[in-house]
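**Student:** Quick note, the sequence shown lines up with residues 1 to 143 if you use full-length UniProt numbering. The beta-carbon is built from N, C-alpha and C at its ideal position, and this holds for glycine as well. Quick caveat: nothing in here was measured; it's all calculated off a predicted structure. Please read through the structure below; I'll follow up with questions.
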Amino acid sequence: MILCKLIDKLYPGKINWNEKTFQTPKIEAMRVMRERERIAMFSKLVVEYGIPDTYTFPTESVHEKGALNLAQVCVCLRALGIEAQSKGAGPDSYWPKKSEKNVRDFSEEQLKAGQSIISLQYGTNKGASQAGMNMGKQRKIID
Numbered sequence: 001m002i003l004c005k006l007i008d009k010l011y012p013g014k015i016n017w018n019e020k021t022f023q024t025p026k027i028e029a030m031r032v033m034r035e036r037e038r039i040a041m042f043s044k045l046v047v048e049y050g051i052p053d054t055y056t057f058p059t060e061s062v063h064e065k066g067a068l069n070l071a072q073v074c075v076c077l078r079a080l081g082i083e084a085q086s087k088g089a090g091p092d093s094y095w096p097k098k099s100e101k102n103v104r105d106f107s108e109e110q111l112k113a114g115q116s117i118i119s120l121q122y123g124t125n126k127g128a129s130q131a132g133m134n135m136g137k138q139r140k141i142i143d
């Protein structure tokens, strides 16, 4: 129920609170089924809100004791918070800022110039080396 209230605050008008899913059932088995329906509804609405499907979680991640995966639930809630913040809901400094597209166009000349540069990822000739080492020879202080 809390997850549905959360998504209703962020994405108003998408939940019909008069549905049977939100009514209190008399039978315990029906209560469990309706809880699962609410979780599935939350996952569907989160995707509609703009969260990639890979960040959502299956109903079993919250409801089943053997398949409890709270880490995936936290990932989904974090992604929802970041998306909500990017749409203007909540304080700006609470969640990490959503990355923005930063397209760069390089000319052919710039691309060719970049291919001739040796990156420091390939190593460097500065620092400690084996210069002056005598392999297999005795160490002599005075020659």
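Going by other Cβ atoms of all chains shown within 10 Å of its Cβ, with 16 needed for buried, is PHE42 buried or exposed?
**Tutor:** Burial call: buried.
**Student:** Find the nearest neighbour of ARG34 within the set GLU48, VAL46 and TRP17, judged by alpha-carbon distance.
**Tutor:** Of the listed residues, the one whose Cα sits closest to ARG34 is TRP17.
**Student:** Does the distance from the CB of TYR49 to the CB of LEU6 come in under 8 Å?
**Tutor:** Result no, Cβ atoms of TYR49 and LEU6 do not sit closer than 8 Å.
**Student:** In three-state terms, what does DSSP make of ALA79?
**Tutor:** In this structure, ALA79 counts as helix in the three-state DSSP scheme.
**Student:** Three or more C-beta pairs under 8 Å: does that hold for the stretch 73-85 against the stretch 96-111?
**Tutor:** At 8 Å Cβ cutoff, the stretches touch.
**Student:** What do you get for LEU120, buried or exposed, if any count of 16 or more other CB atoms within 10 angstroms of its CB means buried?
**Tutor:** Classification of LEU120: exposed, given that the 10 Å Cβ count is below 16.
**Student:** In three-state DSSP terms, what is GLY114?
**Tutor:** Residue state, collapsed to three classes: helix.
**Student:** How many Å lie between LYS14 and THR24 at the Cα?
**Tutor:** Each residue's Cα considered, the two are about 20 Å apart.
**Student:** Ends of the alpha helix (DSSP H) at ALA29?
**Tutor:** Where ALA29 is concerned, the enclosing alpha helix (DSSP H) stretches over 28-49.
**Student:** Let me make sure I understand the geometry here. Which of LYS26, VAL73, LYS65 and GLU28 has the alpha-carbon closest to that of ALA40?
**Tutor:** Of LYS26, VAL73, LYS65 and GLU28, the residue nearest in Cα terms is VAL73.
**Student:** Do CYS4 and VAL46 have their C-beta atoms closer together than 8 Å?
**Tutor:** The answer is no: Cβ separation not under 8 Å.
**Student:** What are the boundary residues of the alpha helix (DSSP H) that includes VAL103?
**Tutor:** Unbroken run through VAL103: none, as it is neither H nor E.
**Student:** Could you have a look at PHE57 and say whether DSSP puts it in helix, strand or coil?
**Tutor:** In this structure, PHE57 counts as coil in the three-state DSSP scheme.
**Student:** Using three-state DSSP, classify LEU68 as helix, strand or coil.
**Tutor:** Of the three classes helix, strand and coil, the one that applies to LEU68 here is coil, per DSSP.
**Student:** Where does LYS87 fall in DSSP's three states?
**Tutor:** Three-state DSSP puts LYS87 in coil, outside helix and strand.
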